[in-house]
Amino acid sequence: MSDAPDTFEAYAADHDDARFTDWLRERSEPDWSAAVDGRFVRELGDGTISDAVFRRYLQQDYAFVETLTGTFGHALGDAPSMAAKGRLADFLGTLTSEENDYFERSFEALSGDPDAHPDATTRAFMDLLERAARQGGYAETLAVLVPAEWVYETWATGIDSRPAAFYLDEWIELHANPAFVDFVAWLRAELDREGAAVSTRRQRRLDALFGRTVELERAFFEAPYGDDR
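Rendered as structure tokens:
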């Protein structure tokens, strides 16, 4: 259970230069810490994660990518400026080129199945992103996209050593390189601005979306282990 205040107004009263995304992150505990420093991340970083676990994880991540790409496309359509649309379009290009190439090579090395069916956790995650985009506006879409990317940037930049297997090393690099770090910082700034400007009632909605996303990120990293968690 988080100790953060249940309103951003109360949080801002106790913090100089309060950021809306910092409040959301604190509100998402303990799931946030479990997601960025759990077993999956530790074993990925030291190279001890089994190929079977990582293969199951990658298959589910690939099943999720199409929905993620569609949600970013929705955000692009709702973005308030051409500059914002350009940033989102650039990231969409990365998802559909560099990251897709990584998946293809990794599936070949791991004998993975690019057509694997999404499991229950992945389906719940896909449903959350689709509902946020369909039922809300730019702020609601950001409330699921920011944690989805920020969690990855946080754990990836926290890994000091690199594993030998290319499919582990490159997965870390995709989420720790300067361009991705800069993009996540920009995404956060977008949600900081949007979130601080909306009503308290809508802020609670954004809080719920952000928190559920982090909860599902945690579950997503734990699911490949099956009963051995």
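Numbered according to full-length UniProt numbering, the sequence shown spans residues 1 to 229. Cβ coordinates follow ideal geometry from the N, Cα and C atoms, glycine included. None of the values given here were measured: they were computed from a predicted structure.
Are there 16 or more other CB atoms within 10 angstroms of the CB of S81, so buried, or fewer, so exposed?
Looking at its Cβ environment, which holds fewer than 16 other Cβ atoms inside 10 Å, S81 is exposed.
With respect to the alpha helix (DSSP H) encompassing R188, which residues constitute its N-terminal and C-terminal limits?
Per DSSP, R188 belongs to the alpha helix (DSSP H) from P178 to A197.
Where does E9 fall in DSSP's three states?
Residue state, collapsed to three classes: helix.
Which value, in whole angstroms, describes the spacing of the CA atoms of Y152 and F91?
Using only the alpha carbons, I get a separation of about 15 Å.
Can you determine whether any heavy atom of the ligand ATP sits closer than 8 Å to the C-beta of G70, and answer yes or no?
Within the structure as shown, the ligand ATP is missing, as the structure has no ligands at all.
Quick one: what does DSSP say A18 is sitting in, helix, strand or coil?
It is coil, neither helix nor strand.
So what does DSSP say about T48, is it helix, strand or coil?
DSSP, reduced to helix, strand and coil, places T48 outside both helices and strands of the structure shown, so it counts as coil.
R229, DSSP secondary structure in three states
With a pLDDT of 49 at R229, under the threshold of 50, the predicted position of this residue should be treated as unreliable, and no value is reported.
Reducing DSSP to helix, strand and coil, say where T122 ends up.
Helix.
Three-state secondary structure (DSSP) at E222?
It is helical.
Would you grab the beta carbon distance between L168 and L68 for me? Rounded to a whole angstrom, and I think it's under 8 Å.
L168 to L68, Cβ: 21 Å. No contact.
Work out the CA separation of D127 and L76 for me, nearest whole Å.
Rounded to whole angstroms, L76 to D127 spans 19 Å at the Cα level.
Whole-Å CB distance - A133 paired with H74, under 8 Å assumed:
Contact flag correct, Cβ pair sits at about 4 Å.
Mark P30 as exposed unless 16 or more other C-beta atoms lie within 10 angstroms of its C-beta, in which case mark it buried.
P30 should be labelled exposed.
Counted within 10 angstroms of its Cβ, other Cβ atoms place F107 as buried (16 or more) or exposed:
Note on F107: 16 or more other CB atoms within 10 angstroms of its CB, so buried under the neighbour-count rule.
Rounded to whole angstroms, what is the Cα-Cα separation between A109 and T122?
The straight-line gap from Cα to Cα measures roughly 23 Å.
Using alpha carbons as the reference points, say which of A219, R87, E149 and R202 lies closest to T7.
The shortest C-alpha separation from T7 is found at R202.
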